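In case it helps, this note's numbering puts the first sequence at residues 10 to 228. Glycine included, every Cβ here is placed at the ideal spot set by N, Cα and C. Here the structure is a predicted model, which means the values were calculated and not measured. Read the structure below first, then the notes.
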Amino acid sequence: MNSFNSNIFDIFKILLKHFGPQYWWPAKTKFEIIIGALLAQGVNWKNVEKAILNLEREDLLNPQKLLKIDDKKLAQLIKPSRYPSIKAKRLKNLILFLKEFEFNLEKIERLETIELRKLLLKVNGIGKETADSILLYAFNKKIFVVDAYTKRIFERHGGKIKSRNNWYEELRIFFEKRIPENVNIYNEFHALFVQLGNSYCKTKNPLCKKCPIKNLNFL
DNA sequence: GACCAGGCACATC
DNA sequence: GATGTGCATGGT
10 MNSFNSNIFD IFKILLKHFG PQYWWPAKTK FEIIIGALLA QGVNWKNVEK
60 AILNLEREDL LNPQKLLKID DKKLAQLIKP SRYPSIKAKR LKNLILFLKE
110 FEFNLEKIER LETIELRKLL LKVNGIGKET ADSILLYAFN KKIFVVDAYT
160 KRIFERHGGK IKSRNNWYEE LRIFFEKRIP ENVNIYNEFH ALFVQLGNSY
210 CKTKNPLCKK CPIKNLNFL
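If you want it as structure tokens, here you go:
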């Protein structure tokens with residue numbers, strides 16, 4: 010295989026040309042992005058859509074209303090997005106965080122990026138990927154979102170992760186250092202990785218012949 | 001019917 | 001600190 014080192018930004022450009030822009034996040038409002046980021050934990054997006062549709066049908070895509078319904082009812086509605094009871098609690102925790110700012114998302118958005126990240130990470134049920142998805146996709150902060158796909162694609166293309174227990178931060182910094190510091194690029198790049206992961210770079214597949222970046226590596 | 005998806009917290013060693 | 005485990009749906 011004639012694999013050669015490549016500029017990471019070139020990889021982005023190839024993926025963008027191959028798949029086209031992804032126009033993330035698929036949601037109508039900031040609040041929908043925020044809860045979608047949480048519901049998307051460990052589940053495919055189609056299941057999340059079902060859960061959000063259930064909430065929409067009950068006119069619950071609203072933090073104040075959502076806070077009032079009991080956990081069991083909420084769990085029932087979000088059941089399609091997997092781990093219903095645990096995610097119901099996490100949703101409540103997240104909305105209680107929003108309540109600290111009087112549900113004023115613009116006010117939250119004005120916080121400094123790293124400060125807001127720390128606050129989000131204190132919420133039980135919000136880990137790095139969920140926090141970063143909210144930061145980037147809801148609040149337009151310059152944070153590169155890493156996920157299981159990012160790791161898989163990175164490693165399958167020759168990338169070597171040095172730290173055993175902090176691969177998330179390692180990859181986030183890796184990409185942030187190598188691509189232009191631009192929210193739109195961060196947005197599209199992560200979405201394109203997900204698209205690649207969903208189409209060609211599946212768990213069971215080895216490096217696939219159809220992969221648009223099959224000859225490129227991340228070294 | 002098996003496998004896995006846009007994770008996270010917590011227990012346990 | 002690192003590694004394992006519960007969570008417990010629905011698409012392909």
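With the rule of 3 Cβ pairs closer than 8 Å, the stretch 85 to 99 does not count as touching the stretch 117 to 125. Here N102 has V132, N133 and G134 as same chain residues with Cβ atoms under 7 Å from its own Cβ, once five neighbours each way along the sequence are excluded. The C-beta separation of G168 from F106 comes to about 34 Å, leaving the pair out of contact by the 8 Å criterion. Here L180 carries a helix assignment [DSSP, helix/strand/coil]. By the Cβ test, the stretch 26 to 34 is in contact with the stretch 188 to 203, since at least three Cβ pairs between them sit closer than 8 Å. If you draw a straight line from the Cα of F184 to the Cα of N53, it comes to about 24 Å. K213 and R187 have their C-alpha atoms roughly 29 Å apart. Contiguous beta strand (DSSP E) elements confined to the stretch 69 to 120 do not occur, taking only those with 3 or more residues. Note on geometry: alpha-carbon atoms of N149 and V192 lie some 6 Å from one another. For L228, the three-state secondary structure derived from DSSP is coil.
Membership of L205 in the alpha helix (DSSP H) is indicated by the continuous run V192 to S208.
In summary, E190 is exposed, with fewer than 16 beta-carbon neighbours lying within 10 Å of its beta-carbon over all protein chains present.
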